[in-house]
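Enquirer: So the numbering used here is basically just the index in the sequence shown, starting at one, shifted up by 39.
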Amino acid sequence: MPEQPSVILPPRSVLDAFDVRGIPEPLTGGQGRSVRVGGAVLKPAEGAEGESEWAASVVERLPRGAGFRVPRPLRSAEGDAVVEGWTAAEFIDGRPGPSRQWPGVVVAGRAFHAALRELPRPAFLDRRTHPWAVADRVAWGEEETAVVPELAESFARLLSLRRPVEATPQIVHGDLTGNVLFAPGQDPVVIDFSPYWRPPLYAEAVVIADGLLWYEPAPGLLVGGGRDPRWRQMLIRAMIFRLVALSGLVGPSWRAGKEEAARFLAATEAVEHGAYEGRARP
């Protein structure tokens, strides 16, 4: 995977604006850009203009006791969710999945998406140009792109497997795998909301694709999708999404290409032959 960027600490003016106190401590996971300060987590605002403010307003309105929890966004005294390019939210402790928590990640995602079902499609989705947004559009045949040579074979094979599929889109969290936290006796915590306008089954398939690529999920889980007949097509799109995003992140001078290329080729073969049903990586 690409190297993590160096951590940038929020300036004192941002801490004062959000009224947080403490020594900034970089947090592991994600893109390595989040910082804990006392009882808050701060990270640079991402996405298109207006996306972080939209996300904060959505999270603020989510119901409690619906099978998941979310960190509540912090706002400045002026009511802003973004200050000098930074966002802030309450810190909630928990052990990150998915290892030994694959069913919990899937169940939390379903509950989260049920709460988002009635949201309209936000216009900023059309303005996003980061690698994940491009990869999402490529996965669904809305855009074309080339990939680094190491991933070209898997990409071509996945595209050859893709067929039209009908499913109702809605706002979903497109990166649940490492963004669900667990604590004994409490509902799981969904963090780092990454919005996309896709079917919930596709968001679930991204979790399972991540399992095929980078984890050791429990046998029997990877059939996924509640045996929905559209599941295989969702998984194919999820694999394309991860492949194209990785290609866009690493660029042509990729050093770890052979290892990751082998992962994608093995996972692609599993999808081709249906071996993902009940398959755990050795």
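Quick reminder that beta carbons are idealized off the backbone N, C-alpha and C, glycines included. Fair warning: this is a prediction, and the values are worked out from it, not measured in the lab.
In the DSSP assignment, the alpha helix (DSSP H) including residue 11 goes from what residue to what residue?
Expert: With the chain covering 40 to 321 only, the question about residue 11 has no answer from this structure.
Enquirer: Rounded to whole angstroms, how far is the Cβ of residue 241 from the Cβ of residue 137, which I believe are closer than 8 Å?
Expert: In fact, because the Cβ distance is near 17 Å, the residues do not count as touching under 8 Å.
Enquirer: Assuming contact is defined by CB atoms lying nearer than 8 Å, are residue 135 and residue 217 in contact in what I supplied?
Expert: It is a contact, given that the beta carbons lie within the stated cut-off.
Enquirer: Give me the residue from 215, 185, 210 and 232 with the minimum Cα distance to residue 279.
Expert: The residue with the shortest Cα to Cα distance from residue 279 is 185.
Enquirer: Taking only runs of the alpha helix (DSSP H) that begin and end inside the segment 41-98, which ones reach a length of at least 4 residues, in chain order?
Expert: With a minimum length of 4 residues, the continuous alpha helix (DSSP H) runs that stay inside the segment 41-98 are 51-57.
Enquirer: What ranges does the alpha helix (DSSP H) occupy inside the segment 211-273, keeping only unbroken runs of at least 4 residues that lie completely in it?
Expert: DSSP runs (the alpha helix (DSSP H)) wholly in the segment 211-273: 239-253.
Enquirer: Assuming residue 246 contacts residue 122 (C-beta within less than 8 Å), just tell me the rounded distance between them.
Expert: Not quite, the Cβ-Cβ distance comes to about 32 Å (not below 8 Å), so this is no contact.
Enquirer: Find out if the Cβ-Cβ distance for the pair residue 276, residue 156 is shorter than 8 Å.
Expert: In this structure, residue 156 does not lie closer than 8 Å to residue 276 by Cβ.
Enquirer: By DSSP, does residue 206 sit in helix, in strand, or in coil?
Expert: Coil.
Enquirer: How about residue 236 and residue 285: are their beta carbons less than 8 Å apart?
Expert: No, the Cβ-Cβ distance between residue 236 and residue 285 is not below 8 Å.
Enquirer: Taking contact to mean at least 3 C-beta pairs separated by less than 8 Å, is the segment 109-127 in contact with the segment 178-192?
Expert: Touching, no, given that fewer than three Cβ pairs across the two stretches are closer than 8 Å.
Enquirer: Which residues in the same chain as residue 321 place their Cβ atom closer than 6 Å to its Cβ, once the five residues preceding and following it in sequence are excluded?
Expert: Caution applies to residue 321, whose pLDDT of 31 falls short of 50 and renders its modelled position unreliable; the model cannot decide the point.
Enquirer: In the DSSP assignment, the beta strand (DSSP E) including residue 129 goes from what residue to what residue?
Expert: Here the beta strand (DSSP E) through residue 129 covers 125-129.
Enquirer: Is residue 87 closer than 8 Å to residue 176 when the C-beta atoms are compared?
Expert: Not a contact, by the Cβ cut-off of 8 Å.
Enquirer: By the three-class DSSP mapping on this structure, what secondary structure does residue 103 have?
Expert: Coil.
Enquirer: Output the boundary residues of the alpha helix (DSSP H) element that contains residue 141.
Expert: Here the alpha helix (DSSP H) through residue 141 covers 141-155.
Enquirer: Could you check if residue 225 is buried or exposed, using at least 16 other CB atoms within 10 Å of its CB as the buried criterion?
Expert: Result: exposed.
Enquirer: If we count the other Cβ atoms within 10 Å of its Cβ and call it buried at 16 or more, is residue 183 buried or exposed?
Expert: So residue 183 counts as exposed.
Enquirer: Helix, strand or coil: which one does DSSP assign to residue 112?
Expert: In the structure shown, residue 112 sits in a strand (DSSP, three-state: E or B).
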